[in-house]
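Worksheet: one structure, shown below.
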RNA sequence: GCCCGGAUGGCGGAAUUGGUAGACGCGUCAGACUCAAAAUCUGGUAUUGGCAACGAUGUGCAGGUUCGAUUCCUGUUCCGGGCACCA
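Residue numbers (the working numbering): 340 to 1293.
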């Protein structure tokens, strides 16, 4: 009986579907476990072998947990709103809803073949009104809330209104830069004034600010969607532009997002990325009085108040509000010229060039501690949006200040003695201060609090914490997103009533932008006449809370019932790529904290543990074409009948190859080729699927593209060898491999195991189809433990030998450990070893095989289910219990490595054991090998047993 | 420039806490079966010297700690990822 995976996999996939074995209920006596994948954007390109990697890992873990006795939630859905579908609609005139639906069907088909255990009854789609109704609803909650820094949590905005009515802005001063008002003043405000004030507090607010504008995409982008001045999607230029925008006040959550990282199990790299993005820094703000007018102050932010005596100049951002007052008559024209120059430069030019520029204002401020006159400069290296938009420059300690000082010949004060070379700045905190008045001789680190305290006493400054993170731009001038449930009247934003949700996205004729930088919805009269907001929400809106919807996907009363979210709680394992480190992960963490604040859920971190799968790279293949110059005829021939040279030959000097190439040319193109001139060799991507290892399948290559139909080849050793390079897997590089083909050829079980076998999940690695044969062989070997070609079924119910049990129990322990810590590649290896060992023992015992199947089941669900039933089990292997292992079978034959220490009686042994620590001593002394080594003598004492090391006094 | 991670055979990788380096798989070589091929099976396969037993060297490079280092420490080179005027 053969292992016919096609029939087996079809049979079980159908059976599982019919029996709804993956349907999960929100109640169970078992403990819960929530295993989640980052849901995909259903793109038109379909899946390549890189996509399912994380899904396979999560599926293995979910199945493993199920076998371990957990009620496992393992859902899947689609993040269907987004730019690519809309771009596709613009190009092809197909409605995004239609193309998305088609893409979802393709996705589902590809996923189904791999045999995932998703509970599809819980499928969600962020673009469906039944889903985005709740995205809009949460938006309204954000809109109707503010952040109370005293309680350190979000609260309904109605409480703020009440407070304003009672006591005006009295207790709110310092929170926000709003003019203060009394209770009666508040009541006398017009509605517009009141609403404008409240807008300063709402967690989702509409403001007028500088945003990242992408002309090509016709929309605003969030900071994390812009990379080096270009859009993440499409790579189009992005410029700064002032626009009316919706924002999420994520800055209010900066501290909690930071603290929350301590409670979750993310990789250090991931935590660090988020920490850097939030960018918390501790320092002080301090005032420098104007030389001309002691009542006017320039306020700066610094993290190094200890360097106060090293301040040689001040720098303000070109947008700084005090520039007009600081600029003297003499410098006026120079300042104006400089500011005009800064304005003329785009964000990208600035980032690309980063050249030192600046301009003196003509004014001075005074160092508050020694009254020293300090010149005030303007430069674009100081950002208006961070701190106070002004800095005190300490060139001996800060690289940028140092370069600036050098460039403009500003004398540098050295406050760190020999730590400063005069050639570059030294940002140390450990130097002893010099030239620093009352701080002389104090280590910089210790001087920091001293200065801050003094500032506070003098009333010219205070301790201050700053963050790099900015409020997140939340609106897009596009069509394919959630409409905002907002109506504008007289410049006031009114929320829609909850009962009017969902506010459905209307059909449009054209996806062209509306007037004045507005989105396509602004072209719809029935939309604008109702004064509805014409922006839509960004892609991350729907994905910020989707993990909650899976818990209760069909609820039409609420986004997720409290009982469901209480039952499932946090996601226990979240698997996805690192690319969402500072986007999706930060936003969904914020939304979770917000919903927690309003007591809609009982936990404030969405993901307990995060596993980042690495990228599977493509291994591209190249062919090398000879480029010539010659008569028009010959160049024409070169196009029709290209000559390709094997990789091993192309690196030889062109001149060395002249003759053989000439011969090939003449053979292919006729005598006329004698006079052509060889120019160069160019490399061209060739489809990896046409290459076996490195050898090109020439007939397949010729029929691949018409332009190669008449190509001829210069071979080495009778073969055409391709070049290779590891690159991102993408259609344009012809290095994608479709999982469907592999599943058809080797089966889903082989495919799943091979993806895991490739290497650690977290690691990026190139795809290589060749090795899949090894995994396929393993499954057939496993099959042969049960069936023989000629004799048929060969497993027996005879009791297993000790050796067989030893092999089994070792495997159970290894698989349990490895699967639990996501070391899937070593787990697959262990399975291979086990099957080899059982093969050598000619072991066909049901007792052993049955347990082997259970530990294999998460990895290869189809074959293990088939064989499980063949062993006579009526119920699905999904409901089996994960086997326990027995310690006594785990003792490796102890091999001993005596180490003589200074020839003394004490002797150290190395013993390979796989047993529990407590058992070691006993086992060691009982072990035959140990006794042999001790040569009959009984050990006097076991000194210690630690790790694998044992000290014995003989 | 700054921060983080990595470097092990021809290749992907293993070595769980400092204890036989190279598991497992691919590739490759030899053999068995076959008229032959495929499939399958068996054995070899880090480098180097040797017919062999066996010996020497070996985890990017240079040092250090240790009875013992792929693992810990210092310096250095290269590769990958993130951030990039955040004072």
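Every residue, glycine too, gets a C-beta built ideally from N, C-alpha and C. Computed from a predicted structure; not experimentally measured.
Item                                                                                                                   : Value
Residue 641 and residue 623 closer than 9 Å at C-beta                                                                  : yes
According to DSSP, residues forming a beta bridge with residue 827                                                     : 832
Where residue 778 falls, given that 16 or more other Cβ within 10 Å makes a residue buried                             : buried
C-alpha gap between residue 1218 and residue 1080, whole angstroms                                                     : 31 Å
Enclosing beta strand (DSSP E) for residue 546 [first to last residue]                                                 : 543-553
Sequence-distant residues of the same chain with beta carbon closer than 6 Å to residue 1243, five excluded per side   : For residue 1243, the pLDDT reaches just 36, beneath the cut-off of 50, and the residue's location in the model is therefore unreliable, although a value from the coordinates is still provided. Excluding positions up to five away in sequence, the list is empty.
Neighbourhood of residue 421 by C-beta, 6 Å cutoff - its chain only, sequence neighbours within 5 removed              : 380 and 878
Meets three-Cβ-pair contact criterion under 8 Å: the segment 540-549 and the segment 578-597                           : yes
Proximity of residue 907 and residue 361 at Cβ, strictly below 9 Å                                                     : no
Exposure label - residue 578; buried when at least 16 CB within 10 Å                                                   : exposed
Test item: CB-CB of residue 1229 and residue 1134 under 9 Å                                                            : no
Own chain partners of residue 1214 with C-beta closer than 7 Å, once the 5 adjacent residues on each side are dropped  : none
Whole-number beta carbon distance between residue 463 and residue 885, since they are thought to touch under 8 Å       : 6 Å
For residue 846, three-class secondary structure by DSSP                                                               : coil
Three-pair Cβ contact test at 8 Å for the segment 973-987 versus the segment 1048-1064                                 : yes
Residue 896 - containing alpha helix (DSSP H), residue span                                                            : Unbroken run through residue 896: none, as it is neither H nor E.
Three-state secondary structure (DSSP) of residue 746                                                                  : helix
Host alpha helix (DSSP H) of residue 443 (start-end)                                                                   : 435-452
Inter-stretch contact at 8 Å, needing at least 3 Cβ pairs: the segment 864-881 / the segment 419-437                   : yes
Residue range of the unbroken alpha helix (DSSP H) whose run includes residue 905                                      : 901-907
Whole-number beta carbon distance between residue 699 and residue 670, since they are thought to touch under 8 Å       : 6 Å
Element boundaries [beta strand (DSSP E), containing residue 730]                                                      : 729-732
One or two residues paired with residue 485 in a DSSP bridge                                                           : 494 and 541
Spatial neighbours of residue 614 in its chain, beta-carbon cut-off 8 Å, leaving aside the 5 residues before and after : 597 and 600
Whole beta strand (DSSP E) elements within the segment 633-673, 3-residue minimum                                      : 636-641 and 652-655
Segments assigned beta strand (DSSP E), at least 3 residues, entirely inside the segment 733-809                       : 800-805
Residue span of the beta strand (DSSP E) that contains residue 622, given as start and end                             : 620-629
Distance between residue 1186 and residue 449 (C-alpha atoms, nearest Å)                                               : 36 Å
Three-state secondary structure assigned by DSSP to residue 1257                                                       : Interpretation of residue 1257 is limited by its pLDDT of 43, a score under 50 that renders its predicted location unreliable; the figure taken from the coordinates is listed afterwards. In this structure, residue 1257 counts as helix in the three-state DSSP scheme.
Straight-line Cα distance separating residue 924 from residue 951                                                      : 12 Å
Counted within 10 angstroms of its Cβ, other Cβ atoms place residue 1048 as buried (16 or more) or exposed             : exposed
At least three beta-carbon pairs within less than 8 Å, the segment 397-405 to the segment 935-949                      : no
Span of the alpha helix (DSSP H), counted from its first residue to its last, around residue 560                       : Element bounds for residue 560: not the alpha helix (DSSP H) but the beta strand (DSSP E), 558-560.
Whole-Å CB distance - residue 1169 paired with residue 1150, under 8 Å assumed                                         : 6 Å
Endpoints, beta strand (DSSP E) assigned at residue 700                                                                : 698-705
Under the three-state DSSP convention, the category residue 386 falls into                                             : coil
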